[in-house]
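Chemist:
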Amino acid sequence: MEQALAKCLGGGGEGGGFARCLPPVYGYLRVRITRCANLLPVGDDTYGDAPSVCCACWIAGSPEVQQTTPREKRDVIGSVLWKSAEDLWLPLHMWPVTLVVELRLGIEHIAEGVKRTSSLACGVAHCELVEVDTLVLDELVGVREPLSAVMRELRRAELDLSLVSTQWLLLSFVQALPTETALRVWDLLFAVGSRALIAAALATVRLLAPRLLGAAGSFEGLYTTLKQPHRHTLDADVFVRVLYAELRALPETALVTLRTRHRATVTQRICERAAERERYKVERAAKAAKVEAEAQRARRTSRFSPGTARLARHVSFEATRRLGPIRHSWRAILGTRTRRRSLRHPCAACTALAPAAPPAGWASARATAAAACASA
Amino acid sequence: MSYAYLFKYIIIGDTGVGKSCLLLQFTDKRFQQVHDLTIGVEFGARMITIDNKQIKLQIWDTAGQESFRSITRSYYRGAAGALLVYDITRRETFNHLTSWLDDARQHSNSNMTIMLIGNKTDLEHRRAVSFEEGQQFANEHGLIFLETSAKTAANVEEAFINTARRIYEKIQQGVFDVSNESFGIKVGMAAQQTGSVNVSIQGQQRSSSGCC
């Protein structure tokens, strides 16, 4: 494994930065980084008493960096790797830790480590900056020939390239490319910065272009091809050659210009979403207030006061429980009889509500009813 | 393969509740024990049949981490259905439902069908959220509710299919303008060939509860 890695990392060409700086026994190397250049906090004591070696600075191999203390080294990681803090969108703290410490364990562990770290430690700001780079990539694919045909095909299938490019960029092609090819990309990443990732994405699309154009506009076909580019990117030398061509066609200044423009788009989008969220909150609050106002109005316009309504409910319940609904209604009308034969009703409320005398006309009505009953 | 309709779904919920496992179980009929974090958005598709019509489901499985919300929010807009998932063994995932629901309601179209799913019923002994609580939440917010297990595949098919059925009903009722793809619905060649989309639903099953 080590030999294979050393071979692929030291593959020559322009990207030998990482390989050149590898210590002879890199398996034991432990890294502890408390923060990176943009002051993102990362886990500190994960690696116990391991020496605080700034692997990223070591990789860069710059003499002035070599002379700094470990703490200073930690602070300059960003400037060493990424040239400027503005360019720092990758959760770079994960690279030295996962790459060097876990190099001996195999690519699957590295991938898992990178994914976990990026998911748990990657901040919202990182994702927004990745969003910027996905837009940059979209534009570059759209204007470069013959990639523009691919972009047209993707648009026809309503497939947003960011669906896959977000993962490519955020994870620096972990799992997206074959192991050897991915390591060569990482080598360039450490050497030239995140520009290498954009170039790698362009190289991937370029190598996949014949297959993408042959997918006949099928969403699933295009998606599967983009998600599984392994067969077409297996030859790392071919891939890196294409990557260099893309890298040369994308100078740093051009990338900065593109990023500036798209950052404005992303910022605007974020502002719009925030405004929309506020609007939604206000609407929801207004709706809740309206419901509450209606409930209050209903309470105010009720025929009975809350106390009377409560009392009536209580009486009804008690009467139903003791006498049954029909008998109770008759007895409530009869009044005196109910009270006399109230079966020692213990509830003072019921007694109070019951009428003191039978309603007027009751006697004649009763006589009429009795006569009708007798004749029947 | 031709389809009558294409419905776009989105699966949302806290990290680790089993969103990707639900998708994997539905599309591949298998369960993955190892928790593989989703980065950004993943995609899956499957064909189902409702009322003798082929309906294609395009499902976007989103990352649950807060940091990815800015990426995943853009996928709400074109979705016809959403599966809002919580883990019945972790109370906090249930407590966060309101926030997810707000996000979904805010960024999606107002007619989006939302299915609330309490996942991991195979871990009954570790249950922290009762069925009744889930049901009550669904009733209060006008959602369909089901409890599922991506591991044993219990109710997984029903979760996706009942949601599709509800969307299909809405199409029949004319709630959606199917020519407008922003609703997350696309009319396929099969529906166009029949010449009519207003076909009554026969033999449909009602979901266990709720409505939306």
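As given, the protein sequences belong to chains A and B, one line each in that order.
Its first residue numbered -5, the first sequence is counted upward by one per residue in this note's numbering.
Its first residue numbered 2, the second sequence is counted upward by one per residue in this note's numbering.
Note that CB positions come from ideal geometry on N, CA and C, so glycine has one too.
(1) Of all the options A:213, A:199, A:240, A:208, which has the alpha carbon lying nearest to the alpha carbon of residue 224 of chain A?
(2) Mapping the DSSP letters down to three states, classify residue 58 of chain B as helix, strand or coil.
(3) Please return the same chain residues whose Cβ sits closer than 7 Å to the Cβ of residue 144 of chain A, not counting the five positions on each side in sequence.
(4) So with Cβ pairs under 9 Å, would you call residue 30 of chain A a contact of chain B?
(5) Give the residues of chain B in contact with residue 160 of chain A, contact being defined as C-beta atoms less than 7 Å apart.
(6) Using a Cβ-Cβ cut-off of less than 7 Å, give me the residues of the region 96 to 115 of chain B that come near chain A, in sequence order.
(7) Between which two residues does the alpha helix (DSSP H) harbouring residue 30 of chain B extend?
(8) Please classify residue 85 of chain B: does DSSP put it in a helix, a strand, or coil?
(9) What do you get for residue 185 of chain B, buried or exposed, if any count of 16 or more other CB atoms within 10 angstroms of its CB means buried?
(10) Listed in chain order, which residues of the region 243 to 270 of chain A have Cβ atoms closer than 8 Å to some Cβ of chain B?
(11) Give, in chain order, every unbroken run of the beta strand (DSSP E) that is at least 3 residues long and sits entirely within the region 64 to 121 of chain B.
(12) Could you say which of A:234, A:293, A:164 lies nearest to residue 194 of chain A if we only look at CA atoms?
(13) For residue 155 of chain B, name the three-state secondary structure that DSSP assigns.
(14) When the Cα of residue 115 of chain B is compared with those of B:96, B:123, B:147, which residue comes out closest?
(15) Cβ closer than 7 Å: which chain A residues qualify as neighbours of residue 46 of chain B?
(16) Any idea if residue 210 of chain A is buried or exposed, counting beta-carbon neighbours within 10 angstroms, 16 or more meaning buried?
(17) So residue 198 of chain A is in the alpha helix (DSSP H); what residue range does that whole segment cover?
(18) Any beta carbon of chain A sitting closer than 9 Å to that of residue 55 of chain B?
(19) Flag this pair as touching only if the region 88 to 95 of chain B and the region 11 to 23 of chain B have three or more C-beta atom pairs under 8 Å; answer yes or no.
(20) Which same chain residues end up closer than 7 Å to residue 155 of chain B when comparing Cβ atoms and leaving out the 5 residues on each side of it in sequence?
(21) Decide if residue 169 of chain A is buried, meaning its Cβ has at least 16 other Cβ atoms within 10 Å, or exposed.
(22) On the premise that residue 283 of chain A lies in contact with residue 237 of chain A, defined as a C-beta separation below 8 Å, what is that separation, rounded to the nearest angstrom?
(23) Give a yes or no on whether 9 Å exceeds the smallest Cβ distance from residue 59 of chain B to chain A.
(24) Beta-carbon separation of residue 119 of chain B and residue 10 of chain B under 9 Å?
Modeler: Taking the structure as given:
(1) Ranked by Cα distance from residue 224 of chain A, the first of A:213, A:199, A:240, A:208 is A:199.
(2) Of the three classes helix, strand and coil, the one that applies to residue 58 of chain B here is strand, per DSSP.
(3) For residue 144 of chain A, where only same-chain residues beyond five positions count, the Cβ hits under 7 Å are 135, 199, 203, 206, 207.
(4) The predicted model places residue 30 of chain A with a pLDDT of 30, which falls under 50 and marks its position as unreliable; any figure quoted below should be read in that light. No - not a single Cβ of chain B is within 9 Å of the one on residue 30 of chain A.
(5) Within chain B, the residues near residue 160 of chain A are 41, 72.
(6) Under the 7 Å Cβ criterion, the region 96 to 115 of chain B contributes 107.
(7) Element bounds for residue 30 of chain B: n/a, residue is neither H nor E.
(8) Strand at residue 85 of chain B.
(9) Residue environment: residue 185 of chain B is assigned as buried (16 or more neighbouring CB atoms within 10 Å of its CB, all protein chains considered).
(10) Per Cβ criterion, the list reads 264, 267, 270.
(11) The region 64 to 121 of chain B contains these whole beta strand (DSSP E) runs: 82 to 88, 114 to 120.
(12) The shortest C-alpha separation from residue 194 of chain A is found at A:234.
(13) Assignment of residue 155 of chain B by DSSP, reduced to helix, strand and coil, places it in the strand class.
(14) Nearest of B:96, B:123, B:147 to residue 115 of chain B, Cα basis: B:147.
(15) Within chain A, the residues whose beta carbon sits less than 7 Å from that of residue 46 of chain B are 214, listed in sequence order.
(16) Residue 210 of chain A comes out exposed.
(17) For residue 198 of chain A, the enclosing alpha helix (DSSP H) begins and ends at 189 to 207.
(18) Interface with chain A (9 Å Cβ-Cβ cutoff): residue 55 of chain B is excluded.
(19) The region 88 to 95 of chain B, when compared against the region 11 to 23 of chain B, does touch it at the 8 Å Cβ threshold.
(20) Closer than 7 Å at the Cβ level, and outside the excluded window around residue 155 of chain B, lie 122, 149.
(21) Buried is the call here.
(22) The Cβ separation is near 59 Å, so there is no contact.
(23) By this cut-off, residue 59 of chain B is an interface position.
(24) Cβ atoms of residue 119 of chain B and residue 10 of chain B: not closer than 9 Å.
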